[in-house]
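Data first, discussion second: the structure below is written as structure tokens.
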Amino acid sequence: MKSFRFVLNLTVATLIGGLVAVGHAEDGVTKDEIKIGSFGPLAGPVYMYGKLAMNGLEALFDKVNQEGGIHGRKLKLVREDDACKPEGGIAAVKKLIYDDKVFAINGGGCSNSTLAARPEIVKAGIPFVVNSAVADGISSPPTPNIFTTQLTATIESRAQLKYALEQKAKKVALVAQHDAWGRSRYEPMMTALKEQSIKPVSDEEMTIDQNDGTAQALKLMQTGADAVLLIVYPKPAAVLIRDSLKLGYKPLWIGQTAIQDLPQLQEQVGIPGALEKFVSIATIPAHPDDPEMAEWRERIKKLFPNDALSVFNLMGIGSGMVVVEALKRAGADLTREKFLKAMGSIKNFKTGMYPGPITCKPPASNQCNQSVGWIKFGDGKPKSAGVTTLD
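So for the sequence shown, the working numbering puts the first residue at 115; every next one is plus one.
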């Protein structure tokens, strides 16, 4: 009888212990696997911010797994499509958190869908590292479980102005779209100008589908603006540069990450040498054809035979490198709390992708990328034009 009671008690204790262990286990972590989720558009006109960034992330995970994983665990990527829509972002995040039960999320392709998903991410407390979306409201005000390795709209706007001043511009003008996307950059730009006690000599508006920029070009030329800050998409930028050149007006044009495909911009303008005085912000200043990118060209080709390495792949790889570093620092006994602490400990971490080191400064700021890389166009391809680091 005593033996029976001993066995029964031991069995109950084992069951209870097992239940406790299961109850304290982290979602998405087993003895041999870590599940990382990602969401963004997998199709449509802006698929590159989702699908291609995720392809880059998968190439990185494949490399890490080939090298033995992280503390013996292999990385598994779980993808969800948000169609770049707010309702899609909410649905994708809920599926990743509650159905797929991933350990953390590294993604967020579009600002509108990522902003919509933010409350659910904050509520769940799941670690989230943004790799593409730029809206300030995603990572500001800071919350303990959200970090970003992407430049934000405010950082870009401040960098545009700083670059103009570093180039000794005397008369600064501004051309912006006044839609939701444009306002998210225009407003911090106006704040930055005010802080420097600078009044733009011209403040012009263009629309996303505008076909003629002669009126804006004439106003800019009449003011004598020697630097024009562009808060517009590629089409209006091309139209404005084209029509300015027709008038003989050649200021310094300063763009942002919406205009980082410079070969395409040159083609849209259609005038030889049109980008001689044009610079723009690049999330990843390196060109996919650069010699140091050979390994990633091979890895992308192996996993995705129909694809060629793109800057959007590199965005996913760069952000993923930061996540991998935090997973390593968190140790073998992996928890979300330890991962977030590890993210906060990252200082001066060089990925080889971003123009400068990644430094996270919680609780003041989880916007870990403060270095802005510049590109210009020459010899038929983009070239590095320096780095601006904000204080």
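Note that CB positions come from ideal geometry on N, CA and C, so glycine has one too.
query: Between the C-alpha atoms of Glu-412 and Pro-405, what's the straight-line distance to the nearest angstrom?
result: Here residue 412 refers to the residue found at position 298 of the sequence shown. Here residue 405 refers to the residue found at position 291 of the sequence shown. If you draw a straight line from the Cα of Glu-412 to the Cα of Pro-405, it is about 12 Å long.
- request: Taking only the alpha-carbon atoms, compute the straight-line gap between Ala-287 and Ile-368 and give it to the nearest angstrom.
  value: Numbered from its first residue, the sequence shown carries residue 287 at position 173. Numbered from its first residue, the sequence shown carries residue 368 at position 254. C-alpha of Ala-287 to C-alpha of Ile-368: approximately 10 Å in a straight line.
query: Whose C-beta lies closer than 8 Å to the C-beta of Val-136 among residues of the same chain, with five residues either side of it excluded?
result: For the purposes of this step, residue 136 is taken as residue 22 along the sequence shown, with counting starting at 1. Note that Val-136 has pLDDT 38, beneath the 50 cutoff, so the model's placement of it is unreliable and the number below is only indicative. Spatial neighbours of Val-136 in its own chain (CB-CB distance under 8 Å, excluding positions within 5 residues in sequence) are not present.
- prompt: Are there 16 or more other CB atoms within 10 angstroms of the CB of Leu-361, so buried, or fewer, so exposed?
  reply: Within the sequence shown, residue 361 is the residue found at index 247, counting from 1. A residue is called buried once 16 or more other Cβ atoms fall within 10 Å of its Cβ, and Leu-361, having fewer, is exposed.
task: Can you tell me which of Val-436, Val-486, Ile-460 puts its alpha carbon nearest to the alpha carbon of Phe-175?
output: Residue mapping note: residue 175 aligns to position 61 of the sequence shown, counting from 1. For Phe-175, the closest alpha carbon among the candidates Val-436, Val-486, Ile-460 is that of Val-436.
message: When you compare the CB positions of Val-248 and Gln-264, do they come within less than 7 Å of one another, or not?
response: Counting from 1 along the sequence shown, the entry for residue 248 is found at position 134. Counting from 1 along the sequence shown, the entry for residue 264 is found at position 150. Yes, these two residues count as a Cβ contact at 7 Å.
message: Any contact between the segment 470–481 and the segment 200–216? By contact I mean 3 or more CB pairs, one from each, below 8 Å.
response: The answer is no - the segment 200–216 does not touch the segment 470–481, with fewer than three Cβ pairs under 8 Å.
- prompt: Buried or exposed: where does Ala-422 fall if 16 or more other Cβ atoms within 10 Å of its Cβ makes it buried?
  reply: For the purposes of this step, residue 422 is identified with residue 308 of the sequence shown, where counting begins at 1. That one is exposed.
- prompt: Who are the Cβ neighbours of Ser-459 in its own chain at under 7 Å, not counting the five residues just before and after it?
  reply: On the sequence shown, residue 459 is found 345 positions in, with the first residue counted as 1. The residues Arg-443, in chain order, have a CB closer than 7 Å to that of Ser-459 in the same chain once the five nearest residues on each side in sequence are set aside.
message: What residue range does the alpha helix (DSSP H) around Gly-203 cover?
response: The sequence position of residue 203 within the sequence shown is 89, counting from 1. Residues 200–208.
- request: With a floor of 4 residues, list each alpha helix (DSSP H) that falls wholly inside the segment 374–436, ordered by position along the chain.
  value: The qualifying runs are 376–383, 408–417.
- request: Rounded to whole angstroms, what's the CA-CA distance from Glu-390 to Glu-301? Just pull it up for me.
  value: Here residue 390 refers to the residue found at position 276 of the sequence shown. Here residue 301 refers to the residue found at position 187 of the sequence shown. One C-alpha to the other measures close to 28 Å.
query: Opposite Ile-240 in the DSSP bridges: which residues?
result: Sequence index remark: in the sequence shown, residue 240 carries index 126 (1-based). Answer is none; Ile-240 lacks a bridge partner.
task: Note the first and the last residue of the continuous beta strand (DSSP E) segment covering Ile-489.
output: For the purposes of this step, residue 489 is taken as the residue at position 375 of the sequence shown. Per DSSP, the continuous beta strand (DSSP E) segment holding Ile-489 begins and ends at 485–492.
- prompt: From Asn-483, Ala-331, Ala-339, Gln-291, pick the residue whose C-alpha is nearest to that of Lys-313; which is it?
  reply: Numbered from its first residue, the sequence shown carries residue 313 at position 199. Between Lys-313 and the set Asn-483, Ala-331, Ala-339, Gln-291, the nearest pair of CA atoms involves Ala-339.
message: Report the CB separation of Lys-495 from Pro-386 in whole angstroms; it is logged as a contact under 8 Å.
response: Taking the sequence shown and counting its residues from 1, one reaches residue 495 at position 381. Taking the sequence shown and counting its residues from 1, one reaches residue 386 at position 272. Not really, about 15 Å apart at Cβ, beyond 8 Å.
- request: Give the DSSP-derived three-state secondary structure of Gly-158 in the structure shown.
  value: Walking along the sequence shown from the start, residue 158 turns up at place 44. DSSP places Gly-158 outside both helix and strand once states are collapsed to three, so it counts as coil.
message: In whole angstroms, give me the CA-to-CA distance for Gly-222 and Gln-336.
response: Locating residue 222 in the sequence shown gives position 108, where the first residue counts as 1. Locating residue 336 in the sequence shown gives position 222, where the first residue counts as 1. Taking the Cα positions, Gly-222 is about 42 Å away from Gln-336.
message: By DSSP's criteria, Ile-219 is part of a beta bridge. Which residues make up the other side?
response: For the purposes of this step, residue 219 is identified with residue 105 of the sequence shown, where counting begins at 1. In the DSSP output, where bridge partners are listed per residue, Ile-219 has Gly-151, Phe-242.
Assigned exposure category for Gln-281 - 16 Cβ within 10 Å defines buried: Within the sequence shown, the letter at position 167 stands for residue 281. With a 10 Å radius around the Cβ and a threshold of 16 neighbouring Cβ atoms, Gln-281 comes out exposed.
task: Would you list the residues sitting across from Asp-447 in a DSSP beta bridge?
output: The residue given as residue 447 occupies position 333 in the sequence shown. In DSSP, Asp-447 forms no bridge with anything.
message: Between which residues of its own chain and Val-353 is the CB-CB distance below 7 Å, once the five residues before and five after are set aside?
response: Position 239 of the sequence shown, counted from the start, is the residue given in the question as residue 353. If we look at Val-353 and ignore the five residues flanking it on each side, its Cβ neighbours are Gln-324, Asn-325, Asp-326, Gly-327.
message: So that I know if they touch, is there some Cβ in chain C lying closer than 7 Å to that of Lys-177?
response: Considering every chain present, this structure includes no chain C. It has just one protein chain.
field: Cβ-based burial, Asp-403 [other Cβ within 10 Å; buried from 16]
entry: As a position in the sequence shown, residue 403 is number 289, starting the count at 1. By the neighbour-count criterion, in which 16 or more other beta carbons inside 10 Å mark a residue as buried, Asp-403 falls on the exposed side.
- prompt: From which residue to which residue does the alpha helix (DSSP H) around Val-353 run?
  reply: One-based indexing of the sequence shown puts residue 353 at position 239. 348–360 is the span of the alpha helix (DSSP H), which, as asked, contains Val-353.
- request: Give the C-beta separation of Leu-417 and Glu-172 to the nearest angstrom, bearing in mind that I take them to be a contact with Cβ-Cβ under 8 Å.
  value: Here residue 417 refers to the residue found at position 303 when the sequence shown is read from its first residue. Here residue 172 refers to the residue found at position 58 when the sequence shown is read from its first residue. Indeed, because the Cβ distance is near 6 Å, the residues count as touching under 8 Å.
- prompt: Taking C-beta to C-beta, are Leu-189 and Val-207 nearer than 7 Å?
  reply: Here residue 189 is taken as the residue at index 75 of the sequence shown, counted from 1. Here residue 207 is taken as the residue at index 93 of the sequence shown, counted from 1. No.
task: Out of Ile-240, Ile-355, Ile-395, Lys-145, state which residue places its alpha-carbon closest to the alpha-carbon of Glu-381.
output: Mapped onto the sequence shown, residue 381 falls at position 267. The residue with the shortest Cα to Cα distance from Glu-381 is Ile-355.
query: Closest by CA to Glu-318, which one among Met-304, Lys-308, Glu-309?
result: Stepping through the sequence shown from its first residue, residue 318 is reached at position 204. Comparing Cα-Cα distances from Glu-318 to each of Met-304, Lys-308, Glu-309, the minimum goes to Met-304.
field: Spatially closest choice to Ile-235 from Ala-283, Gly-151, Leu-428, by CA coordinates
entry: For the purposes of this step, residue 235 is taken as the residue at position 121 of the sequence shown. Ranking Ala-283, Gly-151, Leu-428 by Cα distance to Ile-235 puts Gly-151 first.
- request: Please name the residue or residues paired with Glu-318 in a DSSP beta bridge.
  value: In the sequence shown, counting from the first residue as 1, residue 318 sits at position 204. Its beta-bridge partners are Val-289.
message: So Cys-224 and Tyr-163 are supposed to be a Cβ contact under 8 Å. How far apart are they, rounded?
response: Locating residue 224 in the sequence shown gives position 110, where the first residue counts as 1. Locating residue 163 in the sequence shown gives position 49, where the first residue counts as 1. Their Cβ separation, rounded to whole angstroms, is 6 Å, which keeps Cys-224 and Tyr-163 in contact under 8 Å.
field: Thr-502 versus Leu-366: straight-line alpha-carbon distance, rounded
entry: Within the sequence shown, residue 502 is the residue found at index 388, counting from 1. Within the sequence shown, residue 366 is the residue found at index 252, counting from 1. Roughly 17 Å separates the two Cα atoms.
Neighbourhood of Leu-343 by C-beta distance below 6 Å, restricted to the same chain and skipping five residues each side: Position 229 of the sequence shown, counted from the first residue, corresponds to residue 343. So the qualifying residues of the chain are Gln-274, Leu-288, Ile-368.
message: For Leu-191 and Asp-141, I'd like the C-alpha separation in whole angstroms.
response: Along the sequence shown, read from residue 1 onward, the residue named residue 191 stands at position 77. Along the sequence shown, read from residue 1 onward, the residue named residue 141 stands at position 27. Distance between the alpha carbons of Leu-191 and Asp-141: 14 Å.
query: What separation, rounded to the nearest whole angstrom, lies between the Cα atoms of Lys-333 and Pro-399?
result: Within the sequence shown, numbered from 1, the residue matching residue 333 stands at position 219. Within the sequence shown, numbered from 1, the residue matching residue 399 stands at position 285. Looking at the two C-alpha atoms, the distance is approximately 32 Å.
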